[in-house]
Amino acid sequence: MPESVRVDSWLWAIRIYKTRSAATTACRAGHVRLNGEKVKAAQAVRIGDELRIRIAGFDRILFVRQLLVKRVGAPIAAAAYEDRTPEREPQAALGLRDRGAGRPTKRERRDIDRLRGRDEHDGEFSTD
144 MPESVRVDSW LWAIRIYKTR SAATTACRAG HVRLNGEKVK AAQAVRIGDE LRIRIAGFDR
204 ILFVRQLLVK RVGAPIAAAA YEDRTPEREP QAALGLRDRG AGRPTKRERR DIDRLRGRDE
264 HDGEFSTD
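So the sequence shown is numbered by the working numbering: it starts at 144 and just counts up by one.
What follows is the structure in structure tokens.
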């Protein structure tokens, strides 16, 4: 059993990213942190390390339990890490419209703006 594994390879093996190149790209973009530090794709991961991965605007916090080099099935992959990500508050979908519904009417735009907390006079130009 290896003592350490590349970050991108491990993230791919535990099924966080669909491809290893996607994991490498995330590392290059600074979306992966190992014990609080930004990492390159070739950085070594060891058992006991903490990884923070930014996915879709939210951080996932993973604690490394087992090192994997090859991609494995989902149950084995889930056992390789402990997910310490805090629960997110459910957010209401504001202003989502059905596909093909066309542009919102003036009344619907005002309702959407009110839901989003915008003032009725925001964005209007003064004619003074």
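We treat Cβ as the ideally placed atom computed from N, Cα and C, and that holds for glycine.
At a Cβ-Cβ threshold of 8 Å, W153 and L210 count as neighbours.
G179 and A187 have their C-alpha atoms spaced approximately 14 Å apart. Distances from the CA of I198 to each of G191, P247, K161 were compared; the closest alpha carbon is that of K161.
Taking a 10 Å sphere around the C-beta of V150, we find 16 or more other C-beta atoms and assign the residue as buried.
Burial of T167 is indicated by the presence of at least 16 other C-beta atoms within 10 angstroms of its C-beta.
Between the stretch 191 to 208 and the stretch 216 to 234 there are three or more inter-stretch CB-CB distances shorter than 8 Å, so the stretches are counted as touching.
Following the DSSP letters along the chain, one finds R203 inside the beta strand (DSSP E) bounded by residues 201 to 207.
In this structure, DSSP gives A166 a helical state, which the three-state scheme calls helix. Setting aside the 5 residues that flank it on each side, V182 is surrounded in the same chain by V150, C170, V175, R176, each with a C-beta closer than 8 Å to its C-beta; the list follows chain order. The Cβ atoms of I196 and I159 lie closer than 8 Å to each other. In the structure shown, K181 falls within a strand segment according to DSSP collapsed to helix, strand and coil.
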